[in-house]
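Contents: one structure, followed by commentary.
Protein chains in written order, with our numbering: chain A, 1 to 320; chain B, 1 to 55.
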């Protein structure tokens, strides 16, 4: 596939750090997330600066900050690191490994575990009974209730399944223990600073990021979908074509294309979408004009709202 | 020169666009020093509601 700049040199520079120039956005995004956490911690430690010296003003600050930090952490791990797990962003494997470790700890995950859940389980076993990263399926194939999935999946179900997998496979024993130890070393930093602050501005945002942001994302991307088959090759994921959503979310809306071509770089997904558009229309792919968040609003609602989610975006309806 | 400034502006715009969410989060959190925590909370509620309705 062609890049934005067709004149770009084909031979990589020996001084190149990033695998793709567009990946600088991934690094900037993550560093900005860490800066947001630092800012919140600093203000919590210096309450007079933000006028949060009283209990109610402190609650207001914590509610606003934890919500914001949770939202950006959900994107930082669920979308941004997600891209890295498919196509590492650095040329050096050593840098990839260590940047990954300082990437996911601010989302409440050891990078190795997240990668295992996403690549080894979700992508390889999409929508089968072995894909335990997705909501449980009812007898008719539909997903379990939205809220039940969000409140039980992270960390409870995930910890149980990861424990089973990591203890069942001897090859993963030492690696999983090492990664868990490195994660705990990083993750415990805010607790050393101030345990109460860590609960409200570290653990709570991680719960919001995982249960609400990533949980809802996983749900809406595959709700109403069926496993890939010859008869229904493009019905395993929903496509979200909102431009603003895809600009700010590393093109994660092109989810069907991503699952079918996980090695395609995130910045090339819109181009891939254009190329595959007719095939998707002919195959009856579910395409909606908004992003994951409005889809969450629709699927968390009553039957009328759920029906609106099933509607197709303009220009994506089969003519025959 | 014009092409250079156009490239610079579009690349800068892309950086702000791609990192819009964490930059917005910093503005809301750090903004509490200017307008207080209650306004930050109000902005958060409006932003989350807007995202659920339109994004």
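Positions of the beta carbon are idealized from the N, C-alpha and C atoms, including for glycine.
The ligand PLP heavy atom lying under 6 angstroms from the CB of residue i
i                      : result
residue 217 of chain A : Although the ligand PLP was asked about, the structure shown includes no ligands whatsoever.
Chain-ordered neighbours of residue i on chain A, where CB pairs are closer than 7 angstroms
i                     : result
residue 20 of chain B : 248
residue 28 of chain B : 64, 68
Nearest residue (CA-CA) to residue i, options the options
i                      : options                    : result
residue 47 of chain B  : A:319, A:56, A:64, A:48    : A:64
residue 87 of chain A  : A:273, A:316, A:275, A:261 : A:261
residue 241 of chain A : A:265, A:280, A:209, A:229 : A:280
residue 59 of chain A  : B:32, B:5, B:16, B:9       : B:32
residue 81 of chain A  : A:70, A:111, A:53, A:62    : A:111
residue 216 of chain A : A:226, A:146, A:192        : A:146
residue 31 of chain A  : B:42, B:44, B:28, B:15     : B:15
residue 90 of chain A  : A:57, A:19, A:56, A:134    : A:19
residue 249 of chain A : A:26, A:128, A:223, A:161  : A:26
residue 119 of chain A : A:134, A:275, A:85         : A:85
residue 230 of chain A : A:284, A:245, A:265        : A:284
residue 206 of chain A : A:190, A:220, A:221        : A:190
residue 223 of chain A : A:158, A:236, A:42         : A:236
residue 55 of chain B  : A:180, A:226, A:288        : A:288
residue 219 of chain A : A:232, A:152, A:70         : A:152
residue 246 of chain A : B:8, B:29, B:17, B:45      : B:17
residue 54 of chain A  : B:24, B:38, B:25, B:20     : B:38
residue 94 of chain A  : A:48, A:17, A:137          : A:17
residue 157 of chain A : A:128, A:269, A:135        : A:135
residue 300 of chain A : A:137, A:212, A:233, A:243 : A:212
Chain-ordered neighbours of residue i on chain B, where CB pairs are closer than 9 angstroms
i                      : result
residue 29 of chain A  : 18, 19, 21, 22
residue 49 of chain A  : 32, 33
residue 142 of chain A : Ordered by position in chain B, no residue passes the 9 angstroms Cβ test against residue 142 of chain A, which lies about 22 angstroms from the chain.
Cβ of residue i within 7 angstroms of any chain B Cβ
i                      : result
residue 314 of chain A : no
residue 283 of chain A : no
residue 151 of chain A : no
residue 40 of chain A  : yes
residue 363 of chain A : The structure shown does not extend to residue 363 of chain A, since chain A spans only 1 to 320, so no value can be given for it.
residue 90 of chain A  : no
residue 37 of chain A  : no
residue 254 of chain A : no
residue 294 of chain A : yes
residue 309 of chain A : no
residue 267 of chain A : no
residue 400 of chain A : There is simply no residue 400 of chain A to check, as chain A begins at 1 and stops at 320 in what is shown.
residue 245 of chain A : yes
residue 4 of chain A   : Residue placement at residue 4 of chain A cannot be trusted, given a pLDDT of 47 that sits under 50; what the coordinates show is reported in the next sentence. Not an interface residue.
Cutoff 7 angstroms: residue i Cβ touching any chain A Cβ
i                     : result
residue 49 of chain B : no
residue 31 of chain B : no
residue 5 of chain B  : no
Burial state of residue i (16 or more Cβ within 10 Å)
i                      : result
residue 154 of chain A : buried
residue 196 of chain A : exposed
residue 52 of chain A  : buried
residue 40 of chain B  : buried
residue 103 of chain A : buried
residue 251 of chain A : buried
residue 193 of chain A : exposed
residue 8 of chain A   : Annotation note: pLDDT 48 at residue 8 of chain A (below 50); position unreliable, coordinate value reported separately. Exposed.
residue 105 of chain A : buried
residue 108 of chain A : buried
residue 174 of chain A : exposed
residue 5 of chain A   : Summary for residue 5 of chain A: the model assigns pLDDT 47, below 50, so the residue's position carries little reliability, and this model does not support an answer.
residue 11 of chain B  : exposed
Neighbouring residues, chain B, relative to residue i (Cβ below 8 angstroms)
i                      : result
residue 52 of chain A  : 32, 37
residue 25 of chain A  : 14, 15, 18, 19
residue 290 of chain A : 54, 55
residue 43 of chain A  : 29, 30, 32, 33
residue 242 of chain A : 55
Neighbour list for residue i in chain A, Cβ cutoff strictly below 9 angstroms
i                    : result
residue 9 of chain B : Those do not exist, as residue 9 of chain B stays about 15 angstroms from chain A at its closest Cβ, beyond 9 angstroms.
Listed by chain order, chain A residues near residue i by CB distance under 8 angstroms
i                     : result
residue 40 of chain B : 60, 61, 64, 65
Chain-ordered chain B contacts of residue i [CB-CB under 7 angstroms]
i                     : result
residue 33 of chain A : 22
query: Using a beta-carbon distance cut-off of less than 7 angstroms, what residues from the stretch 71-86 of chain A approach chain B?
result: Taking a C-beta cut-off of 7 angstroms against chain B, the contacting residues of the stretch 71-86 of chain A are 71, 72, 75, listed in chain order.
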